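One structure is given below, encoded as structure tokens.
Number of protein chains: 2
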Amino acid sequence: MNVSIVAGGAGFIGSNLLPHLVTEGRVVLVLDNLCRGKESYIAEMNSSSIYFRNTELSTVNETMSAFEYAKTLGQVDEIWHLAANSDIPAGVMDAHVDLNDTFMTTFALLEAMKSYGIGTMHFASSSAIYGDLGDVTLHESIGPLLPISNYGAMKLASEALISSAAEAYLGRANLFRFPNVVGVPATHGVILDFINKLASAPESLEVLGDGTQQKSYLHVSDLISAMLHIRQRNLENKVEVVNIGPIDTGVTVRWIANQVISRVSPSADIVFGIGNKGWVGDVPKFNYSTDLLQSYGWKPLLDSEAAVTQAVDEIAKQQGF
Amino acid sequence: MNVSIVAGGAGFIGSNLLPHLVTEGRVVLVLDNLCRGKESYIAEMNSSSIYFRNTELSTVNETMSAFEYAKTLGQVDEIWHLAANSDIPAGVMDAHVDLNDTFMTTFALLEAMKSYGIGTMHFASSSAIYGDLGDVTLHESIGPLLPISNYGAMKLASEALISSAAEAYLGRANLFRFPNVVGVPATHGVILDFINKLASAPESLEVLGDGTQQKSYLHVSDLISAMLHIRQRNLENKVEVVNIGPIDTGVTVRWIANQVISRVSPSADIVFGIGNKGWVGDVPKFNYSTDLLQSYGWKPLLDSEAAVTQAVDEIAKQQGF
């Protein structure tokens with residue numbers, strides 16, 4: 009049996025990916041420390057092909073032990089690395105958060121891949137590696153890369169280490185640069201934040217920043233589809249770097265706030281903050297190019313508006329609205 | 009008194025930098041674990057303005073203690089971060105080497121700068137962050153950055169973390185991307201390697217790779233001059249990324265080998281290896297753009313040929329030839 013190890017697989021992205029891997033006839037081993045993911049997401053799938061092991065992936069020893077266990081399940085031939093801190097402001101406050109959860113997980117996984125001779129890495133990188141470049145179109149061939157959050161910095165550090173590992177011992181590495189991704193099970197993010205705020209105070213929604221921050225959003229179903237599309241192609245580069253996102257230029261935080269209010273608490277007022285950054289490390293606007301991804305023959309089913317609209321409804325249901 | 013902390017200041021670059029800082033009337037505190045640097049390089053300067061403290065900069069605690077001590081010397085207003093592993097093949101063999109010496113030093117220094125409110129960082133980055141891009145001209149605005157050594161990866165990781173710190177609490181960061189730098193006191197590098205080989209076996213010089221690897225070289229005196237030039241300008245960007253190097257396209261390893269032989273052991277034969285990479289992580293050729301640096305009004309005194317020729321003589325003398 010071919011085995012996929014999915015690091016951080018009990019989280020938002022992972023739990024959407026797993027059913028697709030099972031459908032391919034694979035055995036899946038999920039490694040997660042459950043700091044944000046939930047074992048129940050996996051248990052609900054009720055699949056005998058999915059195994060779970062509680063693992064602190066920021067330590068080489070625990071990661072090595074998990075890989076030793078994986079060998080008993082079959083032939084491990086790919087690693088999906090989705091483990092990371094996902095609370096960007098927390099990582100700005102304390103640099104150790106992204107050092108450990110976003111970067112050292114990469115370090116430990118690569119050490120284990122080297123030891124166990126596993127050649128393929130699919131990595132959840134991020135548009136946050138670009139930093140705040142204003143009106144510059146963010147395509148894969150620009151630089152310099154100047155992230156403005158420790159999260160973005162440690163994603164770029166991870167890309168760099170994977171690239172170096174590809175030179176020395178990996179066979180293939182896909183560096184997927186994620187946009188903002190929406191859907192369920194939502195564990196964090198702007199939509200969940202807004203719904204939670206309205207659940208506790210239904211009359212008023214406080215928005216960080218002036219609401220003009222504009223970003224593109226991809227529905228998680230499209231994200232998984234894009235990654236699987238790239239994975240099955242025989243691309244020329246040993247290290248493939250690709251922006252994943254919708255084709256449109258995105259929606260504003262103000263627009264999202266209005267969508268959430270009309271679904272959850274139509275009579276609420278919005279109270280905006282000052283400035284176009286929600287927090288230190290927030291990128292106020294970006295023009296994210298997905299030309300390369302499109303050139304590989306992939307297009308999303310949902311644009312940013314449709315993705316957010318669908319996700320608002322899904323997350324509202326998840327939260328009992 | 010204004011105090012400069014020079015991390016890794018007992019090494020090759022640091023010991024060339026220190027006299028310039030002293031000339032400015034500064035107090036200098038050198039922090040170094042002496043794994044490659046030597047306290048004697050500093051002692052020889054016989055300056056009452058230079059202090060030395062043996063410090064393991066990869067740990068936050070030791071680095072914090074050193075900053076606490078620095079306060080007793082005066083007002084610390086800048087950090088020069090020159091500490092790193094400089095044995096690239098060793099870092100490819102064991103990823104912990106560059107993790108600790110090249111990256112965690114950056115992490116710890118930034119933590120200390122945040123705690124002690126020190127706003128200016130001058131960082132010794134590297135052309136190794138670009139990876140092996142073949143004939144592509146390496147200027148600061150290209151991507152993706154795909155380093156092929158852990159050294160290059162951890163330099164890029166350091167750049168990323170400094171960039172993020174600049175968003176949150178630094179006032180100014182210069183990311184100097186070094187080329188190959190030559191001169192004395194030589195602690196490593198191709199010229200010293202060749203001279204050491206000929207010292208033990210004067211009749212034959214074995215060269216890693218086929219000798220066609222072509223790189224540009226800068227003399228350390230020009231490197232220091234370029235950094236000081238950038239440092240004194242009031243540049244617009246909070247984070248300034250600049251390639252430092254000569255204007256020419258460099259010289260081959262074969263040419264360097266011949267220079268060393270004619271200086272040290274004229275009757276020796278050269279035995280070449282196979283392939284155009286000296287080792288895993290070696291970049292066989294690069295076209296390094298210094299257009300940005302030139303646009304800031306700086307030019308080197310020595311081109312690659314002159315820099316290598318002068319350094320061969322200096323290092324030969326250092327080694328007793």
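For the protein sequence lines, the chains are A and B, in the order given.
Residue numbering for the first sequence follows the numbering used here, starting at 9 and increasing by one per position.
Residue numbering for the second sequence follows the numbering used here, starting at 9 and increasing by one per position.
Glycine is no exception: its CB is placed at the ideal position from the N, C-alpha and C atoms.
As the structure is a prediction and not an experimental result, all values here were calculated from the model.
Check whether the segment 140–149 of chain B and the segment 101–117 of chain A touch, using three or more Cβ-Cβ pairs below 8 Å as the test. Result no; under three Cβ-Cβ pairs closer than 8 Å.
Less than 8 Å separating the beta-carbons of residue 185 (chain A) and residue 224 (chain A)? By one-based count along the first sequence, residue 185 (chain A) stands at place 177. By one-based count along the first sequence, residue 224 (chain A) stands at place 216. No.
From B:14, B:21, B:10, B:322, pick the residue whose C-alpha is nearest to that of residue 94 (chain B); which is it? On the second sequence, position 86 is the one that residue 94 (chain B) refers to. Out of B:14, B:21, B:10, B:322, B:21 has the C-alpha closest to the C-alpha of residue 94 (chain B).
How far does the alpha helix (DSSP H) with residue 203 (chain A) in it extend, from its first residue to its last? Translated into the one-based positions of the first sequence, residue 203 (chain A) becomes position 195. DSSP places residue 203 (chain A) in the uninterrupted alpha helix (DSSP H) bounded by 198–208.
From this set, B:232, B:302, B:64, which residue's C-alpha is nearest residue 23 (chain B)'s C-alpha? Position 15 of the second sequence holds residue 23 (chain B). Put simply, of B:232, B:302, B:64 the residue whose alpha carbon is nearest the alpha carbon of residue 23 (chain B) is B:232.
Check whether the Cβ atoms of residue 200 (chain B) and residue 194 (chain B) sit closer than 8 Å, and answer yes or no. Here the question's residue 200 (chain B) lines up with position 192 in the second sequence. Here the question's residue 194 (chain B) lines up with position 186 in the second sequence. Their beta carbons are under 8 Å apart, which means residue 200 (chain B) touches residue 194 (chain B) by this criterion.
Please work out which residues of its chain come closer than 8 Å, Cβ to Cβ, to residue 254 (chain B), disregarding the five sequence neighbours upstream and downstream, and give them in chain order. As a first step, residue 254 (chain B) is located in the second sequence; it is residue number 246 there, counting from the start. So the qualifying residues of the chain are 187, 224, 225, 226, 230, 298, 308, 310, 311, 312, 315.
Just to confirm the assignment, what range does the alpha helix (DSSP H) spanning residue 323 (chain A) have? The count along the first sequence starts at 1 and reaches residue 323 (chain A) at position 315. Looking at the DSSP string, the run of the alpha helix (DSSP H) that includes residue 323 (chain A) is 312–326.
Are the beta-carbon atoms of residue 157 (chain B) and residue 100 (chain B) separated by less than 8 Å? Along the second sequence, read from residue 1 onward, the residue named residue 157 (chain B) stands at position 149. Along the second sequence, read from residue 1 onward, the residue named residue 100 (chain B) stands at position 92. Contact flag set, yes.
Contacts around residue 50 (chain A), its chain only, beta-carbon distance under 8 Å, and the 5 residues preceding and following it disregarded: Here residue 50 (chain A) corresponds to residue number 42 of the first sequence, with the count starting at 1. Contacts found: 17, 18, 23, 26, 38, 58, 60.
Residue 277 (chain A) classed as buried or exposed, judged by whether at least 16 other C-beta atoms fall within 10 angstroms: One-based indexing of the first sequence puts residue 277 (chain A) at position 269. Answer is exposed; the Cβ neighbour count stays below 16.
Once you ignore the five residues that flank residue 11 (chain B) on each side, which residues in its own chain have a CB closer than 8 Å to its CB? By 1-based counting over the second sequence, the position of residue 11 (chain B) is 3. Result list for residue 11 (chain B): 34, 35, 36, 37, 78, 81, 82, 83, 84, 85, in chain order.
So is residue 123 (chain A) in contact with chain B if we call contact Cβ pairs under 8 Å? Residue mapping note: residue 123 (chain A) aligns to position 115 of the first sequence, counting from 1. It does not: the Cβ of residue 123 (chain A) has no partner Cβ on chain B nearer than 8 Å.
Going along the chain, which unbroken runs of the beta strand (DSSP E) with 3 or more residues stay wholly within the segment 143–219 of chain A? Runs found: 180–186, 188–190, 212–215.
Cross-chain neighbours of residue 107 (chain A) in chain B, by beta carbon under 7 Å: Working through the first sequence from its first residue, we reach residue 107 (chain A) at position 99. Result: 115.
Cα-Cα, which of B:69, B:214, B:44 is closest to residue 92 (chain B)? Indexing the second sequence from 1 puts residue 92 (chain B) at position 84. Closest in alpha carbon position to residue 92 (chain B), among B:69, B:214, B:44, is B:44.
Do residue 155 (chain A) and residue 168 (chain B) have their CB atoms nearer than 8 Å? Here residue 155 (chain A) is taken as the residue at index 147 of the first sequence, counted from 1. Here residue 168 (chain B) is taken as the residue at index 160 of the second sequence, counted from 1. In this structure, residue 168 (chain B) lies closer than 8 Å to residue 155 (chain A) by Cβ.
Within the segment 107–143 of chain A, note down every full beta strand (DSSP E) run reaching 3 residues or more, in order along the chain. Counting whole runs of 3 or more residues, the segment 107–143 of chain A contains the beta strand (DSSP E) stretches 128–134.
Cβ closer than 9 Å: which chain A residues qualify as neighbours of residue 156 (chain B)? Here residue 156 (chain B) refers to the residue found at position 148 of the second sequence. What residue 156 (chain B) touches in chain A: 171, 172, 174, 175, 176.
Give every residue of the same chain whose Cβ lies closer than 6 Å to the Cβ of residue 293 (chain B), excluding the five residues on either side of it in the sequence, and list them in chain order. As a position in the second sequence, residue 293 (chain B) is number 285, starting the count at 1. Spatial neighbours of residue 293 (chain B) in its own chain (CB-CB distance under 6 Å, excluding positions within 5 residues in sequence) are listed in chain order as 222.
Measure from the alpha carbon of residue 165 (chain A) to the alpha carbon of each residue in A:260, A:191, A:176, A:113, then state which is nearest. Residue numbering aside, residue 165 (chain A) sits at position 157 when the first sequence is read from its first letter. Considering only alpha carbons, the answer is A:113.
Please determine, among B:159, B:174, B:321, the residue with the shortest C-alpha to C-alpha distance to residue 176 (chain A). The residue you call residue 176 (chain A) lines up with position 168 of the first sequence. Of the candidates B:159, B:174, B:321, the residue whose Cα lies closest to the Cα of residue 176 (chain A) is B:159.
List the residues of chain B that residue 153 (chain A) touches, going by C-beta distances under 9 Å, in chain order. As a working mapping, residue 153 (chain A) is identified with position 145 in the first sequence. Listed along the chain, the chain B residues whose CB falls inside 9 Å of the CB of residue 153 (chain A) are 151, 152, 153, 164, 167, 168, 171.
Along chain A, which residues have their Cβ under 7 Å away from the Cβ of residue 139 (chain B)? Sequence index remark: in the second sequence, residue 139 (chain B) carries index 131 (1-based). Result: 171.
Could you name the residues of chain A that residue 161 (chain B) contacts, counting a contact when the two beta carbons are closer than 7 Å? By one-based count along the second sequence, residue 161 (chain B) stands at place 153. Near residue 161 (chain B) (Cβ distances below 7 Å), the residues of chain A are 168, 169, 171, 172.
Quick one: which chain B residues come within Cβ less than 7 Å of residue 148 (chain A)? Residue numbering aside, residue 148 (chain A) sits at position 140 when the first sequence is read from its first letter. Result: 151, 152.
Can you give the Cα-Cα distance for residue 102 (chain B) and residue 281 (chain A), rounded to whole angstroms? One-based indexing of the second sequence puts residue 102 (chain B) at position 94. One-based indexing of the first sequence puts residue 281 (chain A) at position 273. Rounded to whole angstroms, residue 102 (chain B) and residue 281 (chain A) show a C-alpha spacing of 48 Å.
Quick one: list the residues of chain A neighbouring residue 64 (chain B), beta-carbon separation under 9 Å, in chain order. Here the question's residue 64 (chain B) lines up with position 56 in the second sequence. None at all; the shortest Cβ gap to chain A is about 17 Å.
Among the residues of its own chain, which have a CB less than 7 Å from the CB of residue 239 (chain A), if the five just before and after it don't count? To locate residue 239 (chain A), count along the first sequence from 1; it is residue 231. If the five residues before and after residue 239 (chain A) are omitted, its C-beta is found closer than 7 Å to the C-beta atoms of 130, 182, all from its own chain and listed in chain order.
Mind checking if residue 103 (chain B) is an interface residue toward chain A, Cβ cutoff 8 Å exclusive? Counting from one through the second sequence, the residue named residue 103 (chain B) turns up at place 95. Under the Cβ criterion of 8 Å, residue 103 (chain B) is counted among the residues facing chain A.
Could you tell me the alpha carbon to alpha carbon distance between residue 284 (chain A) and residue 179 (chain B), rounded to whole angstroms? Within the first sequence, the letter at position 276 stands for residue 284 (chain A). Within the second sequence, the letter at position 171 stands for residue 179 (chain B). Rounded to whole angstroms, residue 284 (chain A) to residue 179 (chain B) spans 21 Å at the Cα level.
So which residues on chain B does residue 52 (chain A) lean against when the C-beta distance must stay under 8 Å? The residue you call residue 52 (chain A) lines up with position 44 of the first sequence. Per Cβ cutoff of 8 Å: no residues; residue 52 (chain A) is ~37 Å from chain B at best.
Suppose you measure from the CA of residue 258 (chain A) to the CA of residue 198 (chain A); what does that come to, to the nearest Å? Here residue 258 (chain A) is taken as the residue at index 250 of the first sequence, counted from 1. Here residue 198 (chain A) is taken as the residue at index 190 of the first sequence, counted from 1. Roughly 14 Å between the two C-alpha positions.
Exposed or buried, residue 139 (chain B), counting other C-beta atoms within 10 Å across all chains shown (16 or more means buried)? Taking the second sequence and counting its residues from 1, one reaches residue 139 (chain B) at position 131. Per the 10 Å Cβ criterion, buried.
Show which residues of chain E have a CB atom less than 7 Å away from the CB atom of residue 320 (chain B). This model lacks chain E altogether; the protein chains it does include are A and B.
Spell out the partners DSSP gives residue 277 (chain A) in its beta bridges. Residue numbering aside, residue 277 (chain A) sits at position 269 when the first sequence is read from its first letter. Answer is A:212.
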